[in-house]
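Inspection log for the structure reproduced underneath, given as structure tokens.
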Amino acid sequence: MDSDIADMHSTVASNVRAIETGLPASPTQLFEWAVLGNGTLYTAQIPIGPNGAVVTGGIDEQARQVFENLRQTLSAVGASHRDVAQILIYVRDRA
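Residues are numbered in the working numbering as their position in the sequence shown, beginning at 1, plus a constant of 48.
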């Protein structure tokens, strides 16, 4: 059974690769901004500006930054907004 799990992990790992998005990274970052697995791009975006800091100024500015980061990520794999199947948006404070 253990060899079956190892084989499955090896197959999955060989089909997943990190994407260089050009978005800011930090030395303590435990994740990739985007990964490509079996032809599907998986990504999560937050309102991080080019300097690596969260954009201030409210929901409008943060939403613009998130969509700019998404555009940059899509561009890194030769895609555009026309290739997106689904976007989930989480709003922490709706007040």
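Where a beta carbon is used, it is the ideal one built from N, C-alpha and C, also for glycine.
Residue nearest to Gln120 within the set Pro75, Arg65, Ser62, Pro98 is Pro98 (criterion: CA-CA distance). By the CB criterion at 8 Å, Ala127 and Thr69 fall outside the cutoff. The alpha carbon of Val139 has as its nearest neighbour, out of Asn117, Ile107, Phe115, Leu118, the alpha carbon of Ile107. Counting along the chain, the unbroken alpha helix (DSSP H) around Thr121 starts and ends at 107–124. When Gly87, Pro75, Glu116 are compared, the shortest CA-CA separation from Pro95 is found for Glu116. Cα atoms of Gly105 and Pro72: separation of roughly 20 Å, rounded to the nearest angstrom.
Counted as a single uninterrupted DSSP element, the beta strand (DSSP E) harbouring Val83 occupies residues 82–85. The three-state reading of DSSP puts Arg65 in strand, counting E and B together. Partner residues in the beta bridge of Tyr90, as assigned by DSSP, are Val83.
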